[in-house]
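Using my numbering, the letters of the sequence shown correspond one by one to residues 1051 to 1337. Glycine included, every Cβ here is placed at the ideal spot set by N, Cα and C. The model shown is predicted, which means the values in this text are computed figures rather than measured ones.
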Amino acid sequence: MYFIGVDLAFSSRNDTGVVVLEGALESDFTGLRYIGAGLFKQDDEIADFILPYLRTGECLLAIDAPLIVNNDFGMRTCERLVAKAFGHRNCAAYPSNRNNMAGTRGPQFIRYLLTQGVPIKLDIPTLPMRCGAVHAFETYPHAGHLALFDLPTVWKYKKKSGRSWDLCRSEMVNYWRKLWDLMPSVMDGILACAHMGDPLGAHLVDWLSVIRAAGPLPEVRGVRYKAFEDLTDALFCAYSAAHIAMGAPRLLFCGANQDAPCDGHAEMVQDYILVPASSARSHQSSQ
1051 MYFIGVDLAF SSRNDTGVVV LEGALESDFT GLRYIGAGLF KQDDEIADFI
1101 LPYLRTGECL LAIDAPLIVN NDFGMRTCER LVAKAFGHRN CAAYPSNRNN
1151 MAGTRGPQFI RYLLTQGVPI KLDIPTLPMR CGAVHAFETY PHAGHLALFD
1201 LPTVWKYKKK SGRSWDLCRS EMVNYWRKLW DLMPSVMDGI LACAHMGDPL
1251 GAHLVDWLSV IRAAGPLPEV RGVRYKAFED LTDALFCAYS AAHIAMGAPR
1301 LLFCGANQDA PCDGHAEMVQ DYILVPASSA RSHQSSQ
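This is the structure in C-alpha cells:
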C-alpha cells in the first residue's frame, strides 16, 4: 500500500513538498519503504508525481492543508478544536476560509485530482478502506508532533521573526531524530537515493552527522533550508498516512456533524483534522 504525504503550499508560487512511502498494512512502521520525494509548484506537477500511486483501495493520502472549507470568513471548527487542545503548547492552525489563500488551495487541488479521474474521497479514514476510492485526509504536523511525541511545546524549526537560525536548525535535528527512530528503514532508503537526484536524500546529507551524532549544526539557511523543511513535513505527513492506515492511535478534531452527507462527491461536509497519536493521547476531540 502507498502512503503519500503532501505539504501543500497556500500559493502555487511556493514549493509543495511530496513524499511517497510503501508498506504492508499487516506490517509495522519499521517495515516502511521509501519510494521518493519531490518539490513542485503547480497542481498538475504534484498530480503527475503522485498519480502512479493513487490506486483505489491501495493508498492513503495525507495533506497538510485545509481540504473541507465551508466558512466564508473566520476559522473552521476543527481549527478552534486544535487551539483548544494545544493552544497552551503554542500550537494553533492558521485560520482558513473561502476568502483567503489558506482555505482555497486545498479544495482547488482536490478538484484538480477529480478532473483527472481520481475517485478521491475525504471521509474520515476507516478500516478497511473502500476499494473503489482513493482516500485522502487533512492533517497538521504541529498537532501530530504534540499528540504523537507528547512534546511540551511545538518544535520551533520554522524560521520566523525572533527565531535564530541556530534555534531552527537545532529543532530540526530533534525532529529528524524522532523520525529516524520511527522509520529506520525509510532513512536507509532516503540515504540510498541521495546521489540519484532525490531532493530529500540530497538535503539530508547536509544534516546526517548532527542527526546521528553530536556534530556541528550545518550552515543551511534561506531557500535551501525551506526546501528541507517542506520535504520534512511531507515525510511526516506520509508517516501519518501509514500510522492511520495501520490502525494505530489517532486524534481527530471534528465538529458534531461529522457523519453528514456531502453535496457532490459523497465526501465529508464537516471539516476535520486527523493526526497520529500515542495511545495516551488517542481520543476524539469534537464540539
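7 Å Cβ shell around residue i - same chain, five flanking residues per side excluded
| i | result |
| --- | --- |
| Asn1224 | Trp1205 |
| Pro1266 | Val1260 |
| Phe1136 | Ala1193, Leu1196 |
| Gly1088 | Val1068, Phe1099, Pro1249 |
| Leu1177 | Gly1297 |
Own chain, CB closer than 6 Å to residue i, minus 5 neighbours either side, in chain order
| i | result |
| --- | --- |
| Lys1209 | Cys1218 |
| Glu1072 | Tyr1052, Arg1083, Ile1085 |
| Asn1121 | Asn1147 |
Check whether residue i and residue j have beta carbons under 9 Å apart
| i | j | result |
| --- | --- | --- |
| Gly1055 | Ile1118 | no |
| Leu1250 | Phe1278 | yes |
| Leu1058 | Met1233 | no |
| Leu1201 | Leu1104 | no |
| Thr1189 | Leu1075 | no |
| Met1125 | Ala1295 | no |
| Val1236 | Ala1244 | no |
Residue i at chain C interface by Cβ criterion, 9 Å
| i | result |
| --- | --- |
| Trp1215 | Here there is only one protein chain, and chain C is not present. |
Where residue i sits in the DSSP three-state scheme
| i | result |
| --- | --- |
| Tyr1190 | coil |
| Asp1057 | strand |
| Lys1171 | strand |
| Pro1326 | strand |
| Phe1074 | Looking at the sequence shown, residue 1074 is not Phe but Ala. Coil. |
| Gly1305 | coil |
| Val1069 | strand |
| Arg1180 | coil |
| Gly1348 | Because residue 1348 is not part of the residues shown, which for the chain are 1051 to 1337, the question remains open. |
| Arg1300 | strand |
| Gly1265 | coil |
| Asp1313 | For Asp1313, the pLDDT reaches just 32, beneath the cut-off of 50, and the residue's location in the model is therefore unreliable, leaving the point undetermined. |
Rounded distance between the beta-carbons of residue j and residue i, thought under 8 Å
| i | j | result |
| --- | --- | --- |
| Ala1284 | Val1068 | 5 Å |
| Asp1321 | Cys1128 | 5 Å |
Residues of its chain near residue i, where Cβ-Cβ distance is below 8 Å and the 5 sequence neighbours each way are ignored
| i | result |
| --- | --- |
| Ile1160 | Leu1117, Ile1170, Leu1172, Ala1186 |
| Ser1061 | Met1151, Arg1155 |
Segments assigned beta strand (DSSP E), at least 3 residues, entirely inside the segment 1182 to 1258: Qualifying beta strand (DSSP E) stretches, in chain order: 1184 to 1188.
Ordered list of beta strand (DSSP E) runs contained in the segment 1088 to 1154, each at least 3 residues: Positions of the beta strand (DSSP E) runs, each at least 3 residues long and wholly inside the segment 1088 to 1154, are given as 1109 to 1113 in order along the chain.
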